[in-house]
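A.B. asks: So that we are looking at the same thing, I have put the structure below in structure tokens.
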Amino acid sequence: MATASEYKDLSMVGAANDGLDRDCTTLSRHVLQQLQSFSPEAQDLSALMNRIGLAGKLVARRLSRAGLMEGVLGFTGEVNVQGESVKKMDVYANDVFISVFKQSGLVCRLASEEMDEPYYIPENCPVGRYTLLYDPIDGSSNTDTNLSLGSIFSIRKQEGEDLDGKASDLHSSGRNQIAAGYILYGPSTMLVYTIGRGVHSFTLDPSLGEFILTEENIKIPDQGSVYSVNEGNFWQWDESIREYVRYVHRTEGYTARYSGAMVSDIHRVLLQGGVFLYPGTVKKPEGKLRLLYETAPLAFVIEQAGGRATTGTMDILDVVAEKLHQRTPLIIGSKQDVAKVESFIQKSH
Ligand code: AHM
Ligand code: MG
1 MATASEYKDL
11 SMVGAANDGL
21 DRDCTTLSRH
31 VLQQLQSFSP
41 EAQDLSALMN
51 RIGLAGKLVA
61 RRLSRAGLME
71 GVLGFTGEVN
81 VQGESVKKMD
91 VYANDVFISV
101 FKQSGLVCRL
111 ASEEMDEPYY
121 IPENCPVGRY
131 TLLYDPIDGS
141 SNTDTNLSLG
151 SIFSIRKQEG
161 EDLDGKASDL
171 HSSGRNQIAA
181 GYILYGPSTM
191 LVYTIGRGVH
201 SFTLDPSLGE
211 FILTEENIKI
221 PDQGSVYSVN
231 EGNFWQWDES
241 IREYVRYVHR
251 TEGYTARYSG
261 AMVSDIHRVL
271 LQGGVFLYPG
281 TVKKPEGKLR
291 LLYETAPLAF
301 VIEQAGGRAT
311 TGTMDILDVV
321 AEKLHQRTPL
331 IIGSKQDVAK
341 VESFIQKSH
């Protein structure tokens with residue numbers, strides 16, 4: 001048996017321990033390390049992230065078996081508050097987040113893309129100080145074809161009074177988010193989060209059932225070659241966006257990537273640079289994406305990584321919501337690529 005000093009001298013052991021340290025850097029531990037504190041606030045945030053991780057694992061498990069189970073894929077026949085046909089997976093994932101948080105004592109309410117009004121924690125359950133805003137399945141059109149999907153989350157602390165029971169106290173800017181991120185269901189399941197101290201990614205290790213640290217302090221390149229937009233909407237856009245896309249077409253070095261699930265498209269942009277756009281159309285200038293649980297959390301992540309997110313005329317994080325399901329246009333990604341799109345918008349004003 002080696003003594004403690006002999007043990008330290010074994011460089012092989014050192015190398016092996018690096019791997020062990022990484023394996024032990026779970027999500028909840030990482031949050032506490034980031035905050036360098038065991039205060040009640042830090043414990044809450046760590047527990048919140050741990051619960052979000054659990055929701056991600058449950059959704060990932062269901063998705064990985066969807067083709068083997070009856071009644072998991074396809075539509076429910078219902079239409080949600082957004083006027084979109086609801087898929088069975090949307091309902092399942094929405095319910096997963098509610099079940100995971102109902103008894104947690106961490107949140108007072110949850111609001112999502114799939115619910116007209118927020119879900120308030122019932123009286124017989126412990127009520128917490130936070131609100132979880134989420135898009136349970138982002139990129140729903142990919143569900144039935146076994147392609148990448150995501151979940152998006154944002155955490156805010158209850159500050160004002162929720163007098164009308166409609167969460168109008170949430171009508172504040174994205175700068176009030178205390179945590180945000182997404183889960184990406186791809187070849188592996190990844191969770192990316194920020195609590196305002198950089199952006200960190202984790203990969204679900206199925207053998208451990210834990211999200212393990214993959215990369216700390218991710219920095220988005222200042223410029224990239226990818227532009228990611230649904231060009232099927234070309235004739236519905238404002239002329240400024242059409243001019244930008246024409247510019248991209250005649251300029252060497254750009255490449256188009258669009259998956260139909262913005263979590264995966266924006267994840268690519270986060271790691272490799274470029275820009276993702278979901279502009280408004282002439283008929284619907286506010287676009288498709290929702291502020292509180294889609295564009296604001298992703299903007300928080302990308303800004304923390306050194307990128308930018310704008311509606312075209314103002315930073316997404318400065319937009320104050322006027323209603324729960326408010327929409328905004330989105331131009332998000334590397335600083336220089338976002339600035340290039342903005343230059344076309346500014347020219348047209
Ligand atoms: P969803 O949350 O209802 O799935 O809508 C959001 C998704 C984004 O992930 C994606 O970028 C976009 O809608 C795709 O829309 P479109 O088919 O219009 O390009
Ligand atoms: Mg969505």
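In my numbering, the protein residues as written are 1 to 349. For glycine and all other residues, C-beta sits at the position ideal for the given N, C-alpha and C.
1) On a CA-only basis, which of Ser64, Ser348, Pro206, Val301 is nearest Glu216? Give me that one, please.
2) Please state the DSSP three-state secondary structure of Ile302.
3) What did DSSP end up calling Cys125 once you bin it into helix, strand or coil?
4) Any heavy atom of the ligand AHM closer than 6 Å to the beta-carbon of Ser140?
5) Relative to the alpha-carbon of Gly174, which residue among Val79, Val127, Tyr293 has its alpha-carbon at the smallest distance?
6) Taking the straight line between their C-alpha atoms, what separation do you get for Leu20 and Arg29?
7) Where do the N-terminal and C-terminal ends of the beta strand (DSSP E) with Met190 fall, by residue?
8) Is Glu216 helix, strand or coil when you go by DSSP?
9) Please indicate yes or no: does the CB of Met262 lie closer than 6 Å to some heavy atom of the ligand AHM?
10) Terminal residues of the continuous alpha helix (DSSP H) containing His349?
11) Report back the beta-carbon spacing between Tyr193 and Met49 to the nearest angstrom; my notes put them in contact at under 8 Å.
12) Indicate whether Gln272 and Gly224 have their beta-carbon atoms separated by less than 7 Å.
13) Mind the definition here: the region 324-341 touches the region 303-314 only if three or more C-beta pairs lie below 8 Å; say whether that holds.
14) How is the beta strand (DSSP E) around Tyr185 delimited, first residue to last?
15) Which of the three DSSP states is assigned to Thr131 in this structure?
16) I'd like to know whether the C-beta atoms of Thr255 and Val226 end up nearer to each other than 7 Å.
17) In chain order, what are the residue ranges of uninterrupted alpha helix (DSSP H) at least 4 long that sit wholly in the region 218-286?
18) Please name the residue in Gly198, Val229, Ile266 whose C-alpha comes closest to that of His249.
19) If you drop the 5 nearest sequence neighbours on each side, which residues of the same chain put their C-beta closer than 6 Å to that of Asn80?
20) Comparing alpha-carbon positions, which option in Trp235, Arg327, Ala305, Leu270 lies nearest Val282?
C.D. replies: In this structure, then:
1) Val301
2) helix
3) Assigned with DSSP and collapsed to three states, Cys125 falls in coil, not helix or strand.
4) yes
5) Residue nearest to Gly174 within the set Val79, Val127, Tyr293 is Tyr293 (criterion: CA-CA distance).
6) 14 Å
7) 189-194
8) coil
9) yes
10) Here His349 belongs to no alpha helix (DSSP H), and DSSP marks it neither H nor E.
11) 6 Å
12) yes
13) Yes, they touch.
14) 177-185
15) Secondary structure at Thr131: strand, using DSSP grouped into helix, strand and coil.
16) yes
17) 239-250, 262-272
18) Val229
19) Val86, Glu114
20) Trp235
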